[in-house]
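Numbering (our numbering), first residue to last: 120 to 226.
Below is the structure:
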């Protein structure tokens, strides 16, 4: 989840806003900070919402990182599973749990 706030500079620098931003961070919400430019109230300062293109690219970047992590996780799981299958094939165990048995035991 992301937050891209927009507010007057005085609100942005208010200690209560800082406390609220800490809570947002504790909840795992990502902040896309405001930018400095002419504000809706006419003042010039920090508090304008980030450009939509920046918000979009930030969200896409995080989604791509999550996707890449999931792909790596899937590949590492598949590698472990394939390794386990190869171990079972190379060291068959009979019904009594004994290893290194001959193939005649399976016929």
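C-beta atoms are modelled at their ideal positions from N, C-alpha and C, and glycine is treated no differently. Note that the structure is a prediction, hence the values are computed from the model and not measured.
Under 8 Å by Cβ, that's how I've got residue i and residue j pegged, so tell me the actual separation to the nearest angstrom.
| i | j | result |
| --- | --- | --- |
| residue 173 | residue 151 | 7 Å |
Would a C-beta distance cut-off of 8 Å place residue i and residue j closer than the cut-off?
| i | j | result |
| --- | --- | --- |
| residue 123 | residue 183 | no |
| residue 127 | residue 166 | yes |
| residue 161 | residue 155 | no |
| residue 121 | residue 148 | yes |
On the criterion of 16 or more Cβ atoms from any shown chain inside 10 Å, does residue i qualify as buried, or is it exposed?
| i | result |
| --- | --- |
| residue 189 | exposed |
| residue 146 | exposed |
| residue 158 | buried |
| residue 153 | buried |
Along the chain, where does the alpha helix (DSSP H) containing residue i start, and where does it finish?
| i | result |
| --- | --- |
| residue 132 | Unbroken run through residue 132: none, as it is neither H nor E. |
What residue range is occupied by the uninterrupted beta strand (DSSP E) comprising residue i?
| i | result |
| --- | --- |
| residue 164 | 163-167 |
Should residue i be flagged as near chain D, meaning a C-beta pair shorter than 8 Å?
| i | result |
| --- | --- |
| residue 193 | Note that chain D does not occur in the displayed structure, where there is just one protein chain. |
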